[in-house]
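Straight run, no breaks: the sequence shown in our numbering ends on number 149.
Here a beta-carbon is modelled for each residue, glycine too, at the ideal position from N, C-alpha and C.
Given the structure is predicted, the values throughout are model-derived calculations rather than measurements.
Accompanying notes for the structure given below.
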Amino acid sequence: MNERYTTVTTGQVGVERERAVFEYALLRVVPRLERGECLNAGVILYCQERAFLASRSALDEDRLRAVDPGVDVPGVRRALAAVEMMCAGGARAGAAGRERPGPRFRWLTAPRSTIVQPGPIHGGLTEDPEAEVERLLDCLVR
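In structure tokens:
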């Protein structure tokens, strides 16, 4: 067994799957900072053991406009896309894109007073970080 992973029995005798620890934070849109109202619009997931960092978003424009009719929807979409690009890394993400996934996750989840803000960091176990980020998006955002 690889010591970096937690082995968990899945309920079937003799069947074990390797699950890895992950951290995630919701991305919240706060269109009017003075009001403090927010809308979940995405999720960032980091799994150190699998060197995995990804972000997915699903912006409900009607709900967002209900909170603030004058919100800059294209600007919000650009901010969410920038987070996804930073998670993907590489040249398109600029100098920070060359950093390892951990430092990028910490930078992306640092508190800020912008229209798109990270929520608190939570943790869990997963067999598949890619499927987990989609599950969290379905469960917490859509």
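When secondary structure is reduced to three states using DSSP, Gly49 falls in the strand class.
Nearest C-alpha to Asp75 among Ala138, Ala61 and Glu44: Glu44.
The three-state secondary structure of Leu66, taken from DSSP, is coil. In the same chain as Ala65, and ignoring 5 residues on each side of it, the C-beta atoms closer than 8 Å to its own belong to Ala48, Gly49, Leu144, Val148 and Arg149, in chain order.
Per DSSP, reduced to three states, the secondary structure at Glu91 is helical. Assignment of Gly77 by DSSP, reduced to helix, strand and coil, places it in the coil class. Distances from the CA of Asp69 to each of Ala61, Arg63, Leu60 and Asp79 were compared; the closest alpha carbon is that of Asp79. Looking at the DSSP output, Ile128 shares a beta bridge with Ala32. Within the DSSP bridge table, the entry for Ala27 names Thr133 as partners. Under DSSP, no beta-bridge partner is assigned to Leu143.
The shortest CA-to-CA distance from Pro38 to any of Val83, Tyr31, Pro127 and Val28 is the one to Val83. Within the same chain, Cβ atoms closer than 6 Å to the Cβ of Ile51 are found at Ala32, Ser62 and Leu115, the five residues on either side in sequence being excluded. In this chain, the alpha helix (DSSP H) harbouring Leu115 covers Pro108 to Leu115.
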